[in-house]
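What follows is a short report on a single structure.
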Amino acid sequence: MTSPFDDPDARYLVLVNPLGQYSLWPAFAQVPPGWRTAHGQGTRDECLAYVDRVWTDQRPPGTVTAADGREVAAS
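Counting in the working numbering, the sequence shown runs without a single skipped number right up to 894 at its last residue.
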């Protein structure tokens, strides 16, 4: 059996959690608690393109890059 996350012919959603992390999700499955729909049903490629377009900074929230390149926690 193939994973529902790998089916190129399936319909998907893009979910986002409170930390701003995105996930591809099969449209037939219930959205898990703590996640919300960020992009409605689409093909796998459409949903992945959406994630690529909007999730441009994958660092955890609350971190910033100092001038010398070190990551520091926001106060």
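Ideal Cβ placement from N, Cα and C applies to all residues, glycine included.
The beta strand (DSSP E) spanning V833 covers which residue range?
-> Residues Y831 to V835.
Please classify A848: does DSSP put it in a helix, a strand, or coil?
-> Coil.
Beta-carbon proximity of T856 to L834, cut-off 9 Å = Against a cut-off of 9 Å, the Cβ pair of L834 and T856 comes out as a contact.
Cα separation between F847 and G853?
-> Whole-angstrom Cα-Cα distance: 18 Å.
Just the Cα atoms here: how many angstroms apart are V850 and R878?
-> Cα-Cα distance, rounded: 24 Å.
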